[in-house]
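Notes for the one structure printed next.
Numbering (this note's numbering), first residue to last: 369 to 871.
Here it is as structure tokens:
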């Protein structure tokens, strides 16, 4: 039997109703046609999801899919995808995330996890290489993200273990709850945290010790060195600021989401940018995902006017815009605090910010004139309302209980459907499709045709979309034929760029 590179051919199957686990062996020919990510998720949902399944019922199938590059020693090779039937759209739901958890699962000898059924009481999944156990998690139910991760690492006695989990939002079935790993990295879109919560699965703890075989280790090392050597040339802006830089320019072309999309230009754009985080002294350092020399993730720490824990990272562009310009808020400290609360509670900042902005519009137009969240009037420009809204929605308090259903369902109760910014029930991202750029054309197509709904990440050419499947970050400058060369160096498959784009 020929040696296999880049993948293990092993999928962990978990049935929470029965309380059992098993191993599915996947031959390389099958895996080559769907080598991770969205493709592997679709493989399982098409075959195993019952017609008419309730997204929040035990029959839904939750898939964690590593890519063939996930966990390799390359900058950008940290990504994995999560998918299920979405409780927001009732259709195909998928989200990607970086960090370290996906690489750790790959190091444990697994290419993915397929979860079915629902446990009668809260549980977590413990994985240490080939050892897999379903364990009691009643004492963890109700905890926020940081407390969950810290307590689990102490319980299993593995300080270097990696954890993905849900927070209170997922437990309370907020339809835009996400799945968080490493405190701050979140598979946010499509409400997959609510799916995990409906299965009473609080967390998955992973510790791996295996070295992934590479077809051409020397070539992989060469690419890793190229990224490090050309950092200032190719990734200077991401390395120094991360996403959210240059917002003053983006607003000039009408690219931002402003006050529930009343327009694309925001007067405080420069004040809430990634550069402003540095200038104000809020950002204390940059951090990286697995094996990445770019280090594009912000870390924010504040004591006043809000206390912000640096373990929760800092706001990226989508969060800055969703809780900033979309809500008419120019207070960067409040935006960073709202981002911290969403991370701690396990909630998608895009759908959260869009839903709050929609309610602000309802209040402005007299449809919901007395709207409050956490005691704060939900008005454009009220930064305190955005911060208070996170806990009110995650814990389903007052108006937050209605909004936890997502803006499209909330409109059935509150009215204002004509003011929604959703596609297939999913709130659109923070890029105005009316902007005067070529990217605006791409976003219009992406929002209107994406199977997941209002997702801006479906506007790419097939060669770039393949990154989702193979587990590669979109920000790395691995344009063809370099990405194809990387996949071949890892797997030995000998693909052409056209063949990679067809996956």
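The beta carbon of each residue, even a glycine, is placed where N, CA and C say it ideally should be.
Since the structure is predicted, the reported quantities are computational estimates derived from the model, not experimental observations.
- Within the same chain, 472, 476, 495, 496, 497, 524, 526, 528, 529, 530 come within 8 Å of residue 575 by CB-CB distance, once the 5 residues on both sides are set aside.
- Close CB contacts of residue 399 within its chain, under the 6 Å cut and outside five residues either way in sequence, are with 375 (chain order).
- Under the 10 Å beta carbon count, residue 423 is surrounded by 16 or more other beta carbons and is classified as buried.
- The Cβ-Cβ distance between residue 522 and residue 455 does not fall below 9 Å.
- Per DSSP, residue 389 is one residue of the beta strand (DSSP E) stretching across 388 to 393.
- In this structure the stretch 711 to 728 does not lie against the stretch 640 to 654, because fewer than three pairs of beta carbons, one per stretch, are closer than 8 Å.
- Under the DSSP definition of a beta bridge, residue 654 partners with 666.
- Taken atom to atom, the span from the alpha-carbon of residue 646 to that of residue 595 is near 25 Å.
- The distance from the Cβ of residue 857 to that of residue 588 is about 5 Å, consistent with a contact at the 8 Å cut-off.
- Measuring C-alpha to C-alpha distances from residue 719 to each of 492, 402, 382, 560 identifies 560 as the nearest.
- Residue 770 is positioned such that its CB atom lies no closer than 9 Å to that of residue 758.
- Within the same chain, 490, 539, 570 come within 7 Å of residue 509 by CB-CB distance, once the 5 residues on both sides are set aside.
- Taking the CA atoms as reference points, residue 845 sits about 12 Å from residue 592.
- Here residue 625 is near residue 632, since their CB atoms are less than 9 Å apart.
- Non-local beta-carbon contacts of residue 836 in its own chain, meaning distances under 7 Å to residues more than five positions away in sequence, involve 405, 406, 449, 464 in chain order.
- Taken through DSSP and simplified to helix, strand or coil, residue 796 comes out as coil.
- Proximity to residue 485 across 420, 386, 660 peaks at 386, based on C-alpha coordinates.
- Approximately 6 Å separates the beta-carbon atoms of residue 481 and residue 382; this is inside 8 Å, confirming the contact.
- Pairwise C-beta distances place the stretch 669 to 679 out of contact with the stretch 729 to 746, as fewer than three of them are shorter than 8 Å.
- In the three-state reduction of the DSSP assignment, residue 553 falls in the strand class, which pools E and B.
- Boundaries of the alpha helix (DSSP H) around residue 729: 717 to 732.
- Across the structure, residue 440 and residue 468 are spaced so that their CA atoms are roughly 11 Å apart.
- Note on geometry: alpha-carbon atoms of residue 600 and residue 663 lie some 12 Å from one another.
- DSSP, reduced to helix, strand and coil, places residue 697 outside both helices and strands of the structure shown, so it counts as coil.
- Counting C-beta pairs closer than 8 Å gives three or more between the stretch 608 to 626 and the stretch 683 to 691, which meets the contact rule.
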